[in-house]
Structure formats: C-alpha cells, structure tokens
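Structure first, commentary second.
In this note's numbering, the protein residues as written are 44 to 604.
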C-alpha cells in the first residue's frame, strides 16, 4: 500500500527557499497557463455548443483552403512584391550570418520605420523552415488577418462572426496580387480595432481594453500610416456609440497610448518618406474605375473568368444579406427591444457608413504618389469596400440557417480559391527554368538582374518583375535594385564600398536603359530574362555566358588573373 502524499508545505522545493522564480520561468508559466486555459475553454465551448463548434470548424476550414492552398501548389507565388518581402525577411533572419553579407550592406532602423511585424514573423518562421516556406507562411498570416479582423468587427457589433467569410475575396484582390501584404494585414487589424472598441464600450473589461491596445500597436508595427486612420476611427466609434453605451473610458487608454506612439514616431521618422507636397484634388471620375483598383487585372479569357468568379461572390453576399434581413423581420427579432438596444442597432448601422464615406473621400482626393509612396489613392477603395461589409445584417438564428449560409457563400468563395490555386500552379511551371538556373549561382553573388520578357503570366502586374530577389533571400549577397533604396523600409543601405551603385528611378521597369560600363562594373553575376542578351556585355570580355535555361540567361564575370 502506497504511503499518502506529504502536505504541500512539507514537499521538497525545486529551488532553494526564498529564491524567486526567474522572469523567464514566470513568463513560461504564464504562457502555459494561458494556453491550457484557452484549450480548456475551447473544449467546454465544444461540449456546450457542438452545433456552433461544427459551423466554426467548417468556416475555418473554408478560410484556410481559400487563403493557404494556393501557396501549397507552387514554389514561388506570383505576387509582384513578394520576392522583396522574402529578401527583407532573410535580412532579418541572417543579419548576423557572415556568409550572407547582410550586416556589411545594411543597417536596421526599427523605430524610424516600424514596418516590422511581417518581417519578424517571417524571420521567426525561418528559424525552423526554409526562407521560401517561411515567406509563404508569413504571407498567409497577413492575408488571414482580413477574415479574422472582419469577424471581430461583426462580433463587436453583436452580429455573427461568420460574416468574416465575406472578407475572403479581399485576400485575392488587386492589392494582394501586387503583394501589398503589410497594407492588407493592417486593414484586417484596423477592422479588429473597431470591433474591440465596440466590445469594450458595450461590455467593458480589462482584457478587451488590453486586446484593443495590442491591436492598435499591431497596426503601428504592420503599416504605420494606417495608424492615424485607426485612431480616428476608434474615436469616431466612441462618439457614434455614446448614446447607446454612455461611456468612453474603456477606449481612452488604448487610444492615448496609440496617439503617443504616433507622435513619438513622427519625431524620428525619415522626412524624405513623404516630404513631397501632397497634391489633393477632387476626382469624381475615379468612381467609374473603382473595380479596376479593387479587382485583380489580367488579360483575355483569364480576366473574364476571374471577373465572373468575383461577380458571383458579390451577388451571393447581396442575396444573403437580403435574406438575412427578411428573416430578421420574419423571426420578429426586433420585438421587445429596449431603447438602448435600438440605439445600439442604429449606431452599428451608421458607423460603417461613416467610415466607408471617409475612405471614399480619400479615394477621390488623394494623389497617386506621395514622396516615395506609390499607388496611394487606389488602395483606399479596397478599405472602403471592406469596411462597407459591416452594414450587413445579423445572420438568422438556428443551426441549419447558418450551415446554409456557410455553404451558400462557401461555394463561390471556394471557386475563387481554386482559380487562384490553378493560376499559382501554372505560374510554377513557368518558373521551373528560374529554379534550375539559380542552382548555378554561387553563394552571396553580386547580382545584377534585368527582366525584359514578362510573358508567361496572364497578370497585367508582372510577377516576373522582382523574381530574382529570391536569390538574395535564399543565397544572400547583393542586388542591383532593392526596395530598401526607397527609404520606407526598416532596412537601409550603409554608405561605403559594400553598397551597390544607385540606379535611376523606375529602373526595374525600364531595363532597356542598361549600359554595361555604367551600371554593370560593380557586379560579378548577371541574370537576364528575355532574348539573347549577349550584346549587352559584348564590350566586356571578362563577362562570360554560364548557362541558359528557358527564358533566363546567366553570365559571370571571370576573375582578373
């Protein structure tokens, strides 16, 4: 028979008496307790409400399929700016690795330009994954913020979070194909901030206020120029909802801390980033081209098929919204509402209309460029349409109603995801020659690349434009053109012999301006996509053709004897 356990006070201690646990130990204990507590809460919710758990699992599976599956079927996703996101992620990951030669080229400026969250997330993934896999997982996380943020917004409005599925088309909008992942992630976080502000005002708790503060700072570290919009929208939320809630205090501290962060950053930010005058105007003609900026642009039959998929989703959302409104009336859910509940309903209906109107104003008045920032005003139509979804009514009560909603919206959304995946798979075939030829490159090359030929993809925004930046991401070294030269990255070039020579503005779009004696003397490796480029190097006998693979040509400079 076993002896009874000794009282806790008499058991031997794992540490000497009087010694406090370390900060790391306390942090591990807190994280462990939080994870275990969250898992226990989730299990209780599943047992208590199995129907809701099933619908939630169905919606989550659909979301992961639409966002993540296309990345699974290709090595290099056809998102224009993604190769440079990969390169900057690799710089953070391998900054201290001498074999990559990043520290001698670059300096880090995380406070002056706090676009950090995506790159640090990718660098963390790269600790245990290849840089290609880490970049894809990083991109998936940014795109998932769109449905997550919209779900939190509807939750804060006291509507069904299942409406977050309506955000999935935005994950494959025009901005996504350009690779503006920081911006899209910040839009999702922005919606999350509004939802948390609504929740904090309607049911105040320290946990929700802390979550709001964390979300505001997540916007700051994801896309700092979205922070002013976020703070103004949180303030507007408090004002619009005041008749229903009679409180503003739960959002004051998060709002104040976010404002202090914005003021502090304004003192240290690089002035050249937006130093040019902002040419505001009023351009109502832009209303006629809204879909060109919202929906991805392609050529020929691909454009028609993709537009049909997006139109199907838009029509489905409108029909489901109308059905939800009719069922709201049929179920007589408006009966017995208090004055406060009517004010709440009015407020959460008015708020997204005001926010959408504000973004439409920015769409109609902002210029195309501000300093080094390009494609400024077209981005705002995406935010306007995204936040306009919040006017949709609550879903009807009842398990089968909500299952029918997920299935009805899930079908056209899955078709969109499948179409994107097919495009990614087709692009993968066109980059097999790039994959093969990069195997011939040495570690850390001084690479000059020129892309003359953009054929192979139906996209108007060429996914081949920056494709060679994957070389720096995977092998280190130098590039002839880099996003860090724009000055709106947390990474900057160091001055000195390790900095590649500067190139003219819009160099990447105009490779025909290349003159070997002027632009190529500093580099030892040359990668060209197009017809035979031997004439470009004809005057330099030290540059020799190494290999040709498909449309790619690789040249190397032989060392001087």
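For glycine and all other residues, C-beta sits at the position ideal for the given N, C-alpha and C. Note that the coordinates shown come from a computational prediction; the quantities given were computed from them, not determined experimentally.
In three-state DSSP terms, what is residue i?
i	result
residue 142	coil
residue 285	helix
residue 504	coil
residue 51	The predicted model places residue 51 with a pLDDT of 43, which falls under 50 and marks its position as unreliable; any figure quoted below should be read in that light. Helix, per DSSP.
residue 109	helix
residue 216	coil
residue 116	coil
residue 246	coil
residue 572	strand
residue 347	helix
residue 494	strand
residue 341	strand
residue 179	helix
Kindly identify the DSSP beta-bridge partner or partners of residue i.
i	result
residue 413	416
residue 31	As displayed, the chain neither begins before 44 nor continues past 604, which places residue 31 out of reach and without an answer.
residue 523	In DSSP, residue 523 forms no bridge with anything.
residue 534	151
residue 586	600
residue 201	Partner(s): none; residue 201 has no beta bridge.
residue 489	521
Can you find the residues in the same chain that come closer than 6 Å, C-beta to C-beta, to residue i, ignoring five residues on each side of it along the sequence?
i	result
residue 600	567, 585 and 586
residue 186	110 and 214
residue 576	596
residue 249	none
residue 593	476
Measure the C-alpha to C-alpha separation of residue i and residue j and round it to an integer number of angstroms.
i	j	result
residue 326	residue 408	6 Å
residue 237	residue 403	18 Å
residue 499	residue 418	25 Å
residue 371	residue 438	8 Å
residue 481	residue 224	26 Å
residue 133	residue 373	56 Å
residue 341	residue 503	5 Å
residue 368	residue 436	6 Å
residue 413	residue 321	6 Å
residue 173	residue 387	49 Å
residue 93	residue 449	16 Å
residue 229	residue 569	36 Å
residue 464	residue 180	15 Å
residue 602	residue 130	27 Å
residue 563	residue 491	7 Å
residue 306	residue 391	30 Å
residue 422	residue 497	24 Å
residue 516	residue 127	8 Å
residue 104	residue 97	11 Å
residue 288	residue 537	53 Å
residue 588	residue 160	41 Å
residue 118	residue 141	26 Å
residue 221	residue 555	23 Å
residue 389	residue 205	21 Å
residue 398	residue 274	12 Å
residue 163	residue 379	50 Å
How about residue i: is its Cβ closer than 8 Å to a heavy atom in the ligand FMN?
i	result
residue 355	The ligand FMN is absent from the structure shown, which contains no ligands of any kind.
Grab me the residues of residue i's own chain with a C-beta within less than 7 Å of its C-beta, minus the 5 sequence neighbours each way, in chain order.
i	result
residue 258	232, 235, 236 and 239
residue 146	138 and 139
residue 529	415
residue 363	448, 451 and 452
residue 115	none
residue 590	480, 483 and 597
residue 513	119, 126 and 129
Looking only at its chain, what residues have a beta carbon closer than 8 Å to the beta carbon of residue i, apart from the 5 residues adjacent to it on each side?
i	result
residue 352	455, 458, 459 and 462
residue 337	216, 217, 424, 425 and 428
residue 473	499 and 500
residue 345	466 and 501
**Asked** Touch check for the region 105-115 and the region 136-144: three-plus C-beta pairs under 8 Å?
**Response** no
**Message:** Across the region 190-197 and the region 151-158, are there enough close Cβ pairs to call them in contact, namely three or more that are closer than 8 Å?
**Reply:** no
**Request:** Spell out a yes or no on whether the region 109-123 and the region 500-520 are touching, meaning 3 or more CB-CB pairs, one atom from each, closer than 8 Å.
**Result:** yes
**Prompt:** If we count Cβ pairs, one from each stretch, closer than 8 Å, do we get three or more for the region 287-306 versus the region 253-269?
**Reply:** yes
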